[in-house]
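Numbering (the working numbering), first residue to last: 922 to 1705. Please read the structure below before turning to the comments.
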């Protein structure tokens, strides 16, 4: 219950502190126009008699009413939706009437600085919306097989578009790279034929502007030939810029979704790469395509990614990057920097181009994404109500939609200041569409009561000023709340009437620190609403409530200190009572809490500040008694133990006498529970052992083992003999292994020979060199 009450109290205190801060900000305004621009919560009281009480005319409405200003006298104009100029409902295209996908189309807002006005926006993806598809292809030699495949895909691509919309256009373009070194070879013969069967290189070529003849698209693509360049990246960004900005050359339609299919198997050049070829003029983002060719390829650098993104947003172009698997990572990263862009993996021969178009078109149409061109002093915040009508704050997009489905957005439009009082226009667009919502902003920077002024008003000290919104605007030479003071008064003979009420005597300084009014050269501090709080000082620069706080109380509370006005420093500060110190009197001057167990303040390893030890480097703990990085007791006592127990070591006899702790030599040294065994070697390579015990006063009790531990020397002859014998044994083992392996190999070969001998078969053919002993002759004339 206590925690709950404490929580409620903290909330109330927070609200009161915010309210007080707002009131303080409001009270600095001198006119109604200034008042309504300072903060949205500020209002102006135009009651003529209100200022008699000394309260500021500019404050929060509740404060003004509490101080005696009637509701009818309070001026506080509000931001609001003034008028809906065009509000056609969302619909599909009907005959010659185009589709409507955003509602409303034009509104007028009256905006007061810092206060938003709200607009309800409906967005719908229209069905059967016209599509313009421009196919731009990397025609370097590595894409030759892709070109061959595309030559047979023209009719399929047109068929896919017919399934998407009844109104479509197809266009075709290609790119290679800038025709300068090191991008392409500038050898004259290579500028004509960079490779076998290749055409001359070029930057970008608009081969076929957009049209509805799919057969012409197919015939045009079949006539194309590949070209060649030297480096791996291509000039695709030049091509995309020209496709985007050359509206008449590409023949983009106004009421159509504009898509660009970009196919390549390589990365791309971008802004700055042109310097490699001596091209230093930045890309100007203008159309330089004439007779189908980009004419400034060798004179203008490549565009930057942000420049291309801005132009594509401006012209409602959505790119689809169809690239090979090796380049997917590069182009996926590129889509993050171009609004609405998508990327898909292209087959090695571009056989899946039609599939990529269908897939990415579904991605594009399944998502609604908004953008705006708000200037610096206008902010547009979005709340999306997507499918399911669940609100999503700071979200400009909705996904998972089908054609014909509608989603809603609530826009909060806020004007930050009145630096420019002219009408402003903000355009809200759906990415990839030419339709837009135009918001006309009319700044509200003045009060209605300022239009009626009473010149030479009797209220302003018998005609010494003009009565505006209940307050007096004094004539030259007069000042004061009611223009009651004159610059010729003995109390104020200054060039500027308000100088005497400013701390640094300048007209640019805040008068009376913004917490009082200047009356005839002297500050009259405003009263505080909270009882007990008082503003004081010659320039109202002090008070009794804004000093440094401790336990949420100024100066730690009345028992520790009080908040006084330091006239020398011109500010409030704490005056601490005996026993306390610090900016907020939060430090006790007693050092009792800093005394460690050994009686030292912070163990002589730090300073005591506000009853807390501030330890030196390496020391920690409440009283700086811990030092993780310092040498341990073993190391610090080593030399003293060695010289006292054994009469040797780094210390001389005189230095040994200065060792502070006694050493006890024991025959059998035992290590007590949680004790540490310290072992060190001397010059003879013998080890001496000791232990220690830390007393309550910080001293040590040292115990030493009487006998040192020395290792027995090893005979080097035995080591040499051992090594020799080991080498011989290893050699014999290796020899036996080799002999065994040889025996096994010979046995296998002999068995193989025997098997082949058994399988041999001998023929009974006649010996070719044998000649028989008889000869036979035939008489040719026998029986003739």
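Note that CB positions come from ideal geometry on N, CA and C, so glycine has one too.
Near residue i, which residues of its chain fall below 6 Å by C-beta distance, leaving aside the five closest residues on each side in sequence?
| i | result |
| --- | --- |
| residue 1614 | 1622 |
| residue 976 | 988 |
| residue 1386 | 1393, 1394, 1395, 1396, 1404 |
| residue 1284 | 1263 |
| residue 1295 | 1301, 1347 |
| residue 1342 | 1364, 1366 |
Within the same chain, show all residues whose beta-carbon is closer than 8 Å to that of residue i, passing over the 5 residues directly before and after it, in chain order.
| i | result |
| --- | --- |
| residue 1061 | 1097, 1098, 1147, 1148, 1149, 1150, 1155, 1187 |
| residue 1694 | none |
| residue 1706 | Since the first residue shown for the chain is 922 and the last is 1705, residue 1706 is missing from the structure and cannot be characterised. |
| residue 1152 | 1098, 1103, 1104 |
Over the uninterrupted beta strand (DSSP E) stretch that includes residue i, give me the two end residues.
| i | result |
| --- | --- |
| residue 1494 | 1492-1497 |
| residue 1130 | 1125-1132 |
| residue 1331 | 1327-1336 |
| residue 984 | Premise fails: residue 984 lies in the alpha helix (DSSP H), 982-987, not in any beta strand (DSSP E). |
| residue 1095 | 1089-1096 |
| residue 1392 | 1392-1395 |
| residue 1055 | 1052-1059 |
| residue 1367 | Here residue 1367 belongs to no beta strand (DSSP E), and DSSP marks it neither H nor E. |
| residue 1046 | Here residue 1046 belongs to no beta strand (DSSP E), and DSSP marks it neither H nor E. |
Between the Cα of residue i and the Cα atoms of the options, which residue gives the shortest distance?
| i | options | result |
| --- | --- | --- |
| residue 1600 | 1467, 980, 1555, 1523 | 1555 |
| residue 1609 | 1589, 1067, 1515, 1476 | 1589 |
| residue 1006 | 997, 1080, 1025 | 1025 |
| residue 1633 | 1607, 1700, 1281, 956 | 1607 |
| residue 1167 | 1111, 1657, 1065, 1233 | 1233 |
| residue 961 | 950, 967, 968 | 950 |
| residue 954 | 1327, 999, 1368, 1165 | 1368 |
| residue 1250 | 1267, 1297, 1260 | 1267 |
| residue 1079 | 1004, 1252, 1276, 1364 | 1276 |
| residue 1207 | 1669, 1152, 1218 | 1218 |
| residue 1617 | 1593, 1520, 1530 | 1520 |
| residue 1179 | 1239, 1657, 1592 | 1239 |
| residue 1259 | 1352, 1200, 1310, 1170 | 1352 |
| residue 1212 | 1190, 1184, 1094, 1065 | 1094 |
Is residue i near the ligand SAM - that is, is its Cβ less than 7 Å away from at least one heavy atom of it?
| i | result |
| --- | --- |
| residue 1073 | Inclusion of the ligand SAM in the displayed structure is not the case, the ligand content being empty and no account of it being possible. |
If I measure Cβ to Cβ from residue i and keep anything under 7 Å in the same chain, skipping five residues before and after, which residues do I get?
| i | result |
| --- | --- |
| residue 1692 | none |
| residue 1496 | 1482, 1483, 1485 |
| residue 1565 | 1577, 1580, 1584 |
| residue 1020 | 1012, 1013, 1014, 1047, 1050 |
| residue 966 | 978, 985, 990, 994, 995, 1391 |
Against chain B, does residue i count as a neighbour if the rule is that its beta carbon must be under 8 Å from one of theirs?
| i | result |
| --- | --- |
| residue 1065 | Of the protein chains in this structure there is only one, and it is not chain B. |
Check the C-beta distance from residue i over to residue j and give it rounded, since I have them as a contact under 8 Å.
| i | j | result |
| --- | --- | --- |
| residue 1507 | residue 1477 | 5 Å |
| residue 1523 | residue 1536 | 7 Å |
| residue 1124 | residue 1159 | 5 Å |
| residue 1057 | residue 1022 | The pair is not a contact, with the Cβ atoms about 26 Å apart (cut-off 8 Å). |
Assign residue i to one of three DSSP states: helix, strand, or coil.
| i | result |
| --- | --- |
| residue 1630 | strand |
| residue 1025 | coil |
| residue 927 | The predicted position of residue 927 is uncertain, since its pLDDT is 41 and thus under 50; no value can be drawn from it. |
| residue 1001 | strand |
| residue 1158 | helix |
| residue 965 | strand |
| residue 1109 | helix |
| residue 948 | coil |
| residue 1140 | helix |
| residue 1080 | helix |
| residue 1702 | coil |
| residue 1444 | strand |
| residue 1422 | helix |
| residue 1614 | strand |
| residue 1311 | coil |
| residue 1197 | helix |
| residue 1437 | strand |
Need the endpoints of the alpha helix (DSSP H) that residue i sits in, please.
| i | result |
| --- | --- |
| residue 1258 | Counting along the chain, residue 1258 falls outside any alpha helix (DSSP H), and DSSP gives it neither H nor E. |
| residue 1305 | That residue, residue 1305, is in no alpha helix (DSSP H); its beta strand (DSSP E) goes 1299-1306. |
| residue 1563 | 1554-1567 |
| residue 1364 | No alpha helix (DSSP H) holds residue 1364; the beta strand (DSSP E) holding it covers 1357-1364. |
| residue 1227 | 1226-1235 |
| residue 1664 | 1637-1679 |
| residue 1578 | 1574-1578 |
| residue 1065 | 1065-1071 |
| residue 957 | 953-959 |
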